[in-house]
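Read through the structure below, which is laid out as C-alpha coordinates, and then see the notes.
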Amino acid sequence: DYSEIMINPENIKIYKDLENKNCIGEVVSSKYAGDRIYYVVKYKDKDIKIIDYSNNLLEMGEKVSFSIDFSKGVLI
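Those letters in the sequence shown? Residues 175 to 250, per this note's numbering, in order.
Take a look at the structure:
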(Lines of atoms letter the chains of each structure in order from A and count residues from 1; the text may use other names and numbers.)
(Lines give C-alpha, C1' and ligand atoms only; values in the text may rest on other atoms or scores of the structure.)
Protein backbone atom coordinates (compact mmCIF):
# COMPACT_ATOMS: atom_id res chain seq x y z
CA ASP A 1 0.00 0.00 0.00
CA TYR A 2 1.06 3.56 -0.65
CA SER A 3 -0.46 7.00 -0.78
CA GLU A 4 0.24 9.97 -3.01
CA ILE A 5 0.30 13.56 -1.88
CA MET A 6 0.19 16.69 -4.02
CA ILE A 7 2.40 19.58 -2.87
CA ASN A 8 2.55 23.01 -4.50
CA PRO A 9 6.09 23.90 -5.68
CA GLU A 10 6.20 26.93 -3.35
CA ASN A 11 5.85 24.56 -0.35
CA ILE A 12 9.18 22.93 -1.16
CA LYS A 13 12.30 24.76 0.05
CA ILE A 14 15.63 24.37 -1.73
CA TYR A 15 19.03 24.71 -0.02
CA LYS A 16 22.55 25.00 -1.35
CA ASP A 17 24.03 23.24 1.70
CA LEU A 18 23.53 19.50 1.98
CA GLU A 19 23.48 19.17 5.77
CA ASN A 20 20.44 18.42 7.95
CA LYS A 21 17.88 18.36 5.16
CA ASN A 22 15.39 15.67 4.18
CA CYS A 23 16.39 14.99 0.58
CA ILE A 24 19.33 15.54 -1.74
CA GLY A 25 18.95 15.89 -5.51
CA GLU A 26 20.50 17.49 -8.60
CA VAL A 27 19.38 20.65 -10.38
CA VAL A 28 18.39 19.64 -13.93
CA SER A 29 16.81 22.92 -15.05
CA SER A 30 16.22 26.46 -13.87
CA LYS A 31 14.26 29.40 -15.20
CA TYR A 32 14.64 32.92 -13.82
CA ALA A 33 11.30 34.78 -13.64
CA GLY A 34 11.89 38.13 -11.95
CA ASP A 35 11.16 37.70 -8.24
CA ARG A 36 11.42 33.90 -8.37
CA ILE A 37 13.34 31.04 -9.93
CA TYR A 38 11.68 27.84 -11.13
CA TYR A 39 13.83 24.75 -10.59
CA VAL A 40 13.49 21.11 -11.52
CA VAL A 41 15.49 18.87 -9.19
CA LYS A 42 16.07 15.20 -10.01
CA TYR A 43 15.48 13.11 -6.88
CA LYS A 44 15.88 9.37 -7.34
CA ASP A 45 13.74 8.72 -10.45
CA LYS A 46 11.43 11.75 -9.98
CA ASP A 47 11.53 15.36 -11.15
CA ILE A 48 10.65 17.72 -8.29
CA LYS A 49 9.42 21.19 -9.29
CA ILE A 50 10.43 23.95 -6.87
CA ILE A 51 9.75 27.70 -6.83
CA ASP A 52 12.46 29.68 -5.01
CA TYR A 53 12.05 33.32 -3.99
CA SER A 54 15.57 33.81 -2.57
CA ASN A 55 17.23 34.65 -5.93
CA ASN A 56 20.22 32.45 -5.04
CA LEU A 57 20.87 31.13 -8.54
CA LEU A 58 21.88 27.47 -8.51
CA GLU A 59 23.87 25.87 -11.32
CA MET A 60 22.75 23.02 -13.55
CA GLY A 61 24.14 19.76 -12.18
CA GLU A 62 24.61 21.24 -8.70
CA LYS A 63 23.75 18.99 -5.76
CA VAL A 64 21.14 20.59 -3.51
CA SER A 65 18.96 19.58 -0.61
CA PHE A 66 15.28 20.32 -0.21
CA SER A 67 12.57 20.02 2.40
CA ILE A 68 8.85 19.59 1.92
CA ASP A 69 6.09 21.09 4.07
CA PHE A 70 3.77 18.08 4.11
CA SER A 71 1.21 20.00 6.20
CA LYS A 72 0.35 21.93 3.01
CA GLY A 73 -0.20 18.77 0.96
CA VAL A 74 -3.39 17.25 -0.38
CA LEU A 75 -3.85 13.49 -0.32
CA ILE A 76 -4.79 12.22 -3.80
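For every residue, glycine included, the Cβ atom is placed at its ideal position computed from N, Cα and C.
Note that the structure is a prediction, hence the values are computed from the model and not measured.
Mind reading off the beta-carbon distance from residue i to residue j? Whole number of angstroms is fine, and I expect it under 8 Å.
i	j	result
S239	I198	5 Å
V202	K216	5 Å
D226	Y213	6 Å
N230	K190	6 Å
Where does residue i sit, in a helix, a strand or coil, going by DSSP?
i	result
E233	coil
Please name the residue or residues paired with residue i in a DSSP beta bridge.
i	result
S239	Y189 and I198
K246	K246 is not bridged to any residue.
K220	Y217
I225	Y212
S204	Y213
I179	L249
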